[in-house]
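Peer 1:
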Amino acid sequence: MRKIDRDRIRLLEKIEKRALSLFDKLERQFLNGIIKELESILIIKDNKVENVSKNYVNLHKLGLFQQQFEKRNVSPLLGWMAKSLIRVTRINTKYYERYDIKKIKDSVENESLRELGIKRDGKDVKLVRNSLLDQIGKFEDPYLAVRNIATQSIASGVPLNELRKQIRETIRPEGKYGKIKSHFYTIANDIFSEHDRKVQLKYGERLGFKAFIYFGGEISTTRDFCAERNGKVFTVEEAERWRNLEWEGKPKIYNPLIHLGGYNCRHSVAWIDQKEAIRRRPELEKYYNQ
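Counted the way our numbering counts, the sequence shown spans residues 21 to 310.
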């Protein structure tokens with residue numbers, strides 16, 4: 021494994037670890053913020069939520085809280101994700117600098133980022149409205165869950181402490197990923213690794229490469245599928261046959277050159293030219309000469 025490949029793996033690991041920390045932080049901010057908001061808009065008497073019409077009406081104000089939370093808390097997270105994806109793009113460009121990529125560099129980088137909804141304007145980074153990355157920041161379930169709990173609490177006249185407890189148990193249950201962390205983990209956890217592979221693929225295709233190294237090492241949770249392929253060279257045609265295999269973690273819609281081992285797979289690929297492919301697998305000389 022070359023140094024640039026080790027650097028790519030370390031960068032992805034660092035980004036993904038930081039992402040989980042930020043998802044958790046966002047969930048805590050949401051939980052604390054929405055409880056505080058409810059305490060400010062609900063009529064409380066004798067430490068109980070009053071069953072009065074105005075309390076039901078006041079719940080409409082949660083819509084404003086949602087807008088402000090997305091602007092104040094979610095937008096910075098998406099901005100960090102966008103900048104991190106740019107870093108992943110650039111380190112893949114660095115991998116290919118030993119080849120003549122002057123004519124394709126800008127198109128590969130811009131195309132890869134545009135597919136996610138990321139626009140670079142000098143040092144500024146912008147998200148395209150309704151793009152993939154923009155939509156990742158949209159989540160209704162936590163707001164609806166809190167609103168339902170609040171509505172039931174008004175009808176029952178529950179103590180304020182009970183309202184807080186129910187919201188905490190719903191949004192951030194003990195020992196589990198909460199609603200917001202689960203949302204981001206499910207949708208966004210693989211976005212960095214998959215983007216890394218997509219950029220690799222775009223460069224490889226434009227350079228006419230037909231083989232790649234499957235790499236990333238092994239840990240206790242490594243799938244057998246990945247362990248069997250780790251450190252080995254494969255051609256595009258060989259990888260395409262993986263579509264016909266079945267293993268735990270394989271997505272229903274599967275692209276072997278992007279999804280590799282499936283959900284939460286942390287392996288990557290390094291596309292190589294003909295000379296390097298034959299050096300590593302001499303039998304491929306016949307493949308290239310056919």
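From the three backbone atoms N, C-alpha and C, an ideal C-beta is built for every residue, glycine too.
Identify the residues that DSSP records as bridge partners of D161: which are they?
Peer 2: Note: D161 sits in no beta bridge, so no partner.
Peer 1: Quick one: what's S288 bridged to in DSSP?
Peer 2: F235
Peer 1: Of the residues H279, L58, I191, which one's Cα is nearest the Cα of H203?
Peer 2: Check the Cα spacing between H203 and each of H279, L58, I191: the tightest is with I191.
Peer 1: Judging by CA-CA distance, which residue of H279, I278, T255 is the nearest neighbour of D293?
Peer 2: T255
Peer 1: Beta-carbon within less than 7 Å of S174's beta-carbon, same chain only, minus the 5 sequence neighbours each way: which residues are those?
Peer 2: Going by the sequence as given, residue 174 is Ile instead of Ser. For I174, where only same-chain residues beyond five positions count, the Cβ hits under 7 Å are V69, N71, N75, Y76.
Peer 1: Would you mind working out which of L40, A102, K230 sits nearest T206, comparing C-alpha positions?
Peer 2: L40
Peer 1: At which residues does the beta strand (DSSP E) containing L147 begin and terminate?
Peer 2: 144-147
Peer 1: Which parts of the stretch 167-221 are runs of the alpha helix (DSSP H), unbroken and 4 residues or longer, counting only runs that do not cross its ends?
Peer 2: 180-191, 199-208
Peer 1: Identify, in the order they occur along the chain, each residue of the same chain with its Cβ nearer than 8 Å to the Cβ of G99, setting aside the five sequence neighbours on each side.
Peer 2: V145, L147
Peer 1: Can you list the beta strand (DSSP E) stretches of 3 or more residues lying completely in the stretch 85-149, in chain order?
Peer 2: 138-141, 144-147
Peer 1: Mind checking which residues open and close the beta strand (DSSP E) that includes K252?
Peer 2: 252-255
Peer 1: Under the three-state reduction of DSSP, which class applies to V69: helix, strand or coil?
Peer 2: strand
Peer 1: To the nearest angstrom, report how far apart A231 and R110 are at their CA atoms.
Peer 2: 22 Å
Peer 1: Is the CB-CB distance between R243 and G195 below 8 Å?
Peer 2: no
Peer 1: Give the single residue among L136, Y163, T171 whose Cα lies nearest to the Cα of I156.
Peer 2: L136
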